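A quick write-up on the structure given underneath.
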Amino acid sequence: MFVDWTYALRDWATYLDAAWLSLKLSLEAFALAFVLGLLGALARRSRHAVLRAPAAVYVEVIRNTPVLLQMFVVYFALPSAGLRLSPVQAGVLALGVNVGAYLTEIFRAGIQAVPRGQSEAARVLALSPLRTFAHVVLPQALRNVYPAVVNQLVQIILGSSLLSAISVPELTGTAMVINSRTLLTVQVFGIAAVLYLVLTNAVVLVAGLIGRVAFKPPLRPAERPRPLSAVRRLLPARSARPGQPVHKEA
Amino acid sequence: MMITDPAAQQKAVTTSRISLSGVHKRFGELEVLKGVDIDVEPGEVVVLIGASGSGKSTLLRIMCDLERADSGAVWVGGVPLHDRKRAPEIFGHVGMVFQQFNLFPHKTALGNVTLALLKVRKLSRAEAEERGRAALKRVGLADKADAYPAQLSGGQQQRVAIARALAMDPAIMFFDEPTSALDPELVGEVTGVMRSLAEDGMTMVVVTHEMRFAKDTADRVVFMDGGVVLEQGPPEQVFGSPAEQRTQQFLHRVLDT
């Protein structure tokens, strides 16, 4: 048994390369999704039906078709439309477009949750609609949805495993290859699972740190994404440190 | 009816005069304003009173172009607000203080006060902060410049909101129930600031349920009922010997509680 693990770990460099690729393409897809989500949310809230309608169709189609099928469309069907992408490019595009639809709805809700009075105050101060959005509405909307957005990034990392189906050498696909060579099924997929756990929690940890400095006033602990949050909930609540204000729950 | 105002020929807001005539406004089935005429002279402090639903807040929101009248002429500071194209000229030249403060929660007190100075007036940061600090000092909050709204009491937040409006050097200040969201013990600090503004000659239109403020600060009290101006006059007259029965009933209700 112990020998099996050491044998399986001989491929450590391959696993790490694959995990790195998973992370890298996930971050790229997330950047794409973030931009699509913001534009989508703005279009969904536009006064003009020319913008509202395509955004609504985008959200409906993407959220109601399988992501795996969307990957096949990008990788296998787009070439016949003249767009030939490498597996990684196709994967980034498919994942980004997919999560962009979810982020569209998340951003839309976040913008909607900013009270009307905020834009009214800005309007009386003569701020243009664009400046009002950039300086007043968007910062508050991003704060509203920050945990949900970070959650979508985690979803991208997990969803990237499906890209093994279009031969992207990411973590899951690589694990399958190593498995078929070594037949150490438990060890190989165990290692892959651990690496996914490390990736997602590292991303959440970094997002939490960014959340501490990016928002003003700083996010309260309850508003910050934290790694292992489900496990934390099993632990007894830490008593407040002396001198720390206790946050009362409503 | 057409009202001619010499300042209307110019772009900038040059007067503090307000003149509304025949203003109607409906929200769907509900007719909120049924033909309101009202004039405010420069330097005048006018307090709008009336039961909720009488249309006073809607009237105030029409005066700063947050609502558009369905018909009627609305001149504010020489800008015809009934003219869609020209109405936005009023923004930045009048101040509005809201019941819910509407401070920007992600900006400090100073950040709230300087935002429009920086982005609209295009002042340098140093100039904007100097003017911003002066405005905060004016409302007695010089020491709270770096506090976020969540760290301030309701009364302090409302004073920051007043400072934010004052920093733009407005020709007219509008107040929409500025003390209605405050704990009773915090009302005084806000009405105190408003009183000192009135003493400095600021043109003010105030919707409020603070009858004390109306009595001792208003030049004129306007009683609205059912979407029309039912009665108006100096506070002594409206409070002392109201002519209309509806006014008497309303005052009886609010003054006896």
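One line per chain: the protein sequences are S and Y, in this order.
Converting from the first sequence to this note's numbering requires adding 2 to each position, the first position being numbered 1.
Converting from the second sequence to this note's numbering requires adding 21 to each position, the first position being numbered 1.
Beta carbons: idealized from backbone N, C-alpha and C, even for Gly.
All figures in this text were calculated on a predicted structure; none of them were measured in a lab.
Please name the residue or residues paired with residue i in a DSSP beta bridge.
{"i": "residue 253/Y", "result": "243/Y"}
{"i": "residue 45/Y", "result": "55/Y and 92/Y"}
{"i": "residue 97/Y", "result": "39/Y and 100/Y"}
{"i": "residue 69/Y", "result": "228/Y and 243/Y"}
On the DSSP letters alone, give me the boundaries of the beta strand (DSSP E) that residue i sits inside.
{"i": "residue 52/Y", "result": "51 to 61"}
{"i": "residue 194/Y", "result": "193 to 197"}
Which residues of chain S have a Cβ atom closer than 7 angstroms to the Cβ of residue i, listed in chain order?
{"i": "residue 126/Y", "result": "142"}
{"i": "residue 143/Y", "result": "Here the premise fails: no neighbours, minimum Cβ distance about 11 angstroms."}
{"i": "residue 137/Y", "result": "127, 128 and 129"}
{"i": "residue 121/Y", "result": "119"}
{"i": "residue 140/Y", "result": "129, 133 and 137"}
{"i": "residue 171/Y", "result": "219"}
{"i": "residue 54/Y", "result": "By Cβ distance, chain S contributes nothing, its closest Cβ being about 19 angstroms from residue 54/Y, past 7 angstroms."}
Assuming residue i and residue j are in contact, meaning their beta carbons sit under 8 angstroms apart, how far apart are those beta carbons, in whole angstroms?
{"i": "residue 45/S", "j": "residue 54/S", "result": "6 angstroms"}
{"i": "residue 175/S", "j": "residue 166/S", "result": "3 angstroms"}
{"i": "residue 202/Y", "j": "residue 175/Y", "result": "6 angstroms"}
{"i": "residue 194/Y", "j": "residue 225/Y", "result": "5 angstroms"}
{"i": "residue 142/S", "j": "residue 120/S", "result": "7 angstroms"}
{"i": "residue 194/S", "j": "residue 209/S", "result": "Between residue 209/S and residue 194/S the Cβ distance is about 23 angstroms, and since that is not below 8 angstroms, they are no contact."}
{"i": "residue 280/Y", "j": "residue 172/Y", "result": "Nothing can be reported for residue 280/Y: it is not among the residues displayed for chain Y, which extend from 22 to 278."}
{"i": "residue 213/S", "j": "residue 201/S", "result": "About 19 angstroms separates the two Cβ atoms, so there is no contact after all."}
{"i": "residue 37/Y", "j": "residue 192/Y", "result": "5 angstroms"}
{"i": "residue 20/S", "j": "residue 171/S", "result": "6 angstroms"}
{"i": "residue 35/S", "j": "residue 105/S", "result": "5 angstroms"}
Using a Cβ cut-off of 9 angstroms, pull out every chain Y residue sitting near residue i, in sequence order please.
{"i": "residue 49/S", "result": "Correct list: empty, because the minimum Cβ distance to chain Y is about 15 angstroms."}
Hey, could you find the ends of the alpha helix (DSSP H) residue i is sitting in?
{"i": "residue 90/S", "result": "89 to 114"}
{"i": "residue 64/S", "result": "51 to 65"}
{"i": "residue 116/Y", "result": "Not the alpha helix (DSSP H): residue 116/Y falls in the beta strand (DSSP E), residues 115 to 118."}
{"i": "residue 77/Y", "result": "77 to 84"}
{"i": "residue 190/S", "result": "187 to 216"}
{"i": "residue 176/S", "result": "173 to 184"}
{"i": "residue 133/Y", "result": "130 to 140"}
{"i": "residue 153/S", "result": "140 to 161"}
{"i": "residue 151/Y", "result": "146 to 159"}
{"i": "residue 268/Y", "result": "266 to 277"}
{"i": "residue 120/S", "result": "118 to 126"}
{"i": "residue 212/Y", "result": "208 to 220"}
{"i": "residue 9/S", "result": "4 to 11"}
{"i": "residue 134/S", "result": "Where residue 134/S is concerned, there is no enclosing alpha helix (DSSP H), given that its DSSP letter is neither H nor E."}
{"i": "residue 37/S", "result": "14 to 46"}
{"i": "residue 231/S", "result": "231 to 234"}
{"i": "residue 183/Y", "result": "175 to 187"}
{"i": "residue 74/S", "result": "69 to 74"}
I want to verify the contact list: residues of chain S whose CB lies under 9 angstroms from the CB of residue i, in sequence order.
{"i": "residue 84/Y", "result": "Neighbours of residue 84/Y on chain S: none; closest Cβ ~11 angstroms, over 9 angstroms."}
Exercise. Quick one, which residues of the stretch 146 to 166 of chain Y are near chain S if we go by CB-CB under 8 angstroms, in chain order?
Worked result: Answer in chain order: no residues at all.
Exercise. Of all the residues that make up the stretch 100 to 119 of chain Y, which are near chain S by a beta-carbon distance shorter than 9 angstroms?
Worked result: Listed by position, the residues of the stretch 100 to 119 of chain Y near chain S (Cβ gap below 9 angstroms) are 109, 111, 112, 113, 114, 115, 116, 117 and 119.
For this session: Anything in the stretch 110 to 126 of chain S with a Cβ closer than 7 angstroms to a Cβ of chain Y? List those residues in chain order, please.
Result: With the criterion set as a beta carbon lying under 7 angstroms from some beta carbon of chain Y, the members of the stretch 110 to 126 of chain S are 119, 120, 122, 123, 125 and 126, in sequence order.
For this session: Identify each residue in the stretch 137 to 170 of chain S for which the Cβ-Cβ distance to at least one residue of chain Y is less than 9 angstroms, and report them in chain order.
Result: Going along the stretch 137 to 170 of chain S in chain order, one finds 137, 138, 141, 142 and 145 with a Cβ nearer than 9 angstroms to chain Y.
For this session: Name, going along the chain, the residues of the stretch 216 to 227 of chain S whose beta-carbon falls closer than 9 angstroms to a beta-carbon of chain Y.
Result: Correct list: 217, 218 and 219.
For this session: Check distances from the C-beta atoms of the stretch 174 to 205 of chain Y to those of chain S and list, in chain order, the residues that come in under 7 angstroms.
Result: Answer in chain order: 189.
For this session: Taking a Cβ distance cut-off of 9 angstroms, strictly less, list which residues of the stretch 66 to 96 of chain Y are near chain S, in chain order.
Result: Against chain S - using a Cβ distance shorter than 9 angstroms - the residues of the stretch 66 to 96 of chain Y are 82, 85, 86 and 87.
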